[in-house]
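Comments concern the structure below.
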């Protein structure tokens, strides 16, 4: 018997690339460009809408579709890297990401833009994000791993904070296509550098395609339902849903509750399928038992609600600045600068603050600051405001977002059993992406619907017309539908048919409608943040947190 083979080695083998910081450089660039890409569209949204000859609702749908694809696939993305190898998975993801970026940047119309941005690039992002963090885990150990993840967290916060100014400046002087296409250049650099990395060990296994498809359909239906609410209503049908020329509005209800209920039913089947996999000795994508852990579930919920609030705010504020105040992309970036600077400072300071304040308490302080920031924003927005008007409320909100996004993921994962960390992290990533998509969908829907109701209500009030709630809603729907195909001449003709007192005040009416719509959107965010604050009571008390891998929630929570 060879006893020497059974003795432990005195010198443990080094992880691949352990003596090099190249993996850290590659991962920082890969995840940094994804953070830049996620934050860049809202800053240039007016330029994109105008150039592609589309409307705000379509670009909103493109943002949501990106998350519809990412959220469910994030649950299984890590498995691809385990089976194919981390380097290969990262390279595949960055190629898809760069290809999608190029297609979107050169798109002649919105259909091609959606293909590149919402589908191809989303598939790439699904591979890049979890694989990047996993590469650092296998490449570094001990203190070097802590340094790597701390640097990555700071880099992502900096990339997110710098995006509005970078995208805004390039869009103003060169166009949105150049600003957006910058991501493709970085993707090429990442691909070239990644060739020098050592491939990780591969394991045998298969991807649970049935579970993947079920999660894609289930979560996709929920998110599409939330997106449809803006156009078709949450319960009663604002307008019939048309499919292949056939109008569908059973019992006068919107398509939204049917889509959401269908999504929930499919997710029930998804979890049943997971239980079947367990009975046959196979590992499901995610186990329902994971959510029996109350502190973990509370953390996932709080994180998702916080991300909905941040993503929603960063959708509606640029839209308001560019549509109501006619700011260009550069002025939009400058206006958001207090938010991004405060966000960066807070993100970098969180690791110091938790030495004196418990993470859970610090999260609750951050959510409370969000509430105050939203109140201040609602009071200060208006047609006469300037970029300096919003410095304090945006800075307060930025501090809150930076603290929450850097602390919630770690505290949430600390509540999970060590054996469930990978599964728990995947579920948290999916919830973060779900929150990002719902932010644009739900808060954007409130903004758009409120705007048209405000315009019609303002016209009726100025003209002295008495209309009831149903007539107001119907008129707003008809005006919204008509505006989609209007030319400038059509708009002038519509205004010319209004009473003279309305014509003289139309700019003021629209400005007030835009402002009230923004306040309604901020109010919706406020309710979600208050719900998150309530949910934080059930989070883990935690302790001093170590530097662990930044989750996608870190980027999504601040962008």
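Residue numbers (this note's numbering): 21 to 579.
Glycine residues also receive a C-beta, built at the ideal position from the N, C-alpha and C atoms.
- The distance from the Cβ of residue 147 to that of residue 112 is about 6 Å, consistent with a contact at the 8 Å cut-off.
- The residue among 307, 140, 539 and 487 with its C-alpha nearest the C-alpha of residue 83 is 140.
- Within the segment 31-106, the runs of alpha helix (DSSP H) at least 4 residues long that lie entirely inside it are, in chain order, 42-63, 65-71 and 76-104.
- The segment 121-130 makes no contact with the segment 87-105: fewer than 3 CB pairs, one atom from each, lie closer than 8 Å.
- Every alpha helix (DSSP H) stretch that sits fully inside the segment 146-202 and reaches 4 residues is listed by chain position as 162-193.
- In the DSSP assignment, residue 261 forms a beta bridge with 268.
- Partner residues in a beta bridge of residue 492, as assigned by DSSP, do not exist.
- For residue 133, the enclosing alpha helix (DSSP H) starts and ends at 130-134.
- Annotation for residue 353: the continuous alpha helix (DSSP H) segment containing it runs 349-373.
- Around the beta-carbon of residue 261, 16 or more other beta-carbon atoms lie within 10 Å, marking it buried.
- For residue 213, same chain residues with a beta-carbon under 6 Å away, outside a window of 5 residues either side, are 46 in chain order.
- The alpha-carbon separation between residue 155 and residue 168 amounts to approximately 11 Å.
- Taking 9 Å as the cut-off, the Cβ atoms of residue 331 and residue 420 do not count as close.
- Residues of the same chain with a CB within less than 6 Å of the CB of residue 80, apart from the 5 flanking positions on each side, are 460 and 464 in chain order.
- Using a Cβ distance threshold of 9 Å, residue 52 and residue 176 count as a contacting pair.
- Contact annotation: the segment 55-66 touches the segment 193-203, with at least three C-beta pairs closer than 8 Å.
- Around residue 345, the same chain offers 403 and 405 as residues with beta carbons nearer than 8 Å, after the five sequence neighbours per side are excluded.
- Within the DSSP secondary-structure output, residue 273 pairs in a beta bridge with 256.
- DSSP places residue 315 within a helical segment (H, G or I) once states are collapsed to three.
- Under the three-state reduction of DSSP output, residue 484 falls in the coil class, being neither helix nor strand.
- Straight-line measurement puts the Cα of residue 363 at about 17 Å from the Cα of residue 187.
- When rounded, the separation of the alpha-carbon atoms in residue 524 and residue 458 is 38 Å.
- Take residue 255, set aside five residues on each side of it, and the residues of its chain with a beta-carbon closer than 8 Å to its own are 273, 274, 276 and 277, in chain order.
- If you compare the alpha carbons of 151, 300 and 539 with that of residue 44, the shortest gap goes to 151.
- Membership of residue 434 in the alpha helix (DSSP H) is indicated by the continuous run 411-434.
- Residue 95 and residue 306 do touch by the CB rule: their CB atoms are close to 6 Å apart, below 8 Å.
- The alpha-carbon of residue 536 is positioned some 24 Å away from that of residue 357.
- The beta-carbon separation of residue 471 and residue 533, rounded to 6 Å, stays under the 8 Å limit for a contact.
- In the displayed model, residue 404 falls within coil according to three-state DSSP, outside both helix and strand.
- Counting C-beta pairs with one atom in each stretch, the segment 477-488 and the segment 542-551 have fewer than three that are closer than 8 Å, which means they do not touch.
- With fewer than 16 neighbouring CB atoms inside 10 Å of its own CB, residue 292 falls in the exposed class.
- The shortest CA-to-CA distance from residue 412 to any of 428, 426 and 390 is the one to 390.
- Its chain contains 258 and 259 as the residues whose beta carbon lies nearer than 7 Å to that of residue 497, once the 5 sequence neighbours on both sides are disregarded; these appear in chain order.
- Between residue 417 and residue 202, the C-beta spacing is not below 9 Å.
- If you draw a 10 Å sphere on the C-beta of residue 131, you find fewer than 16 other C-beta atoms in it, and that means exposed.
- Annotation: the continuous alpha helix (DSSP H) that includes residue 532 extends over 520-555.
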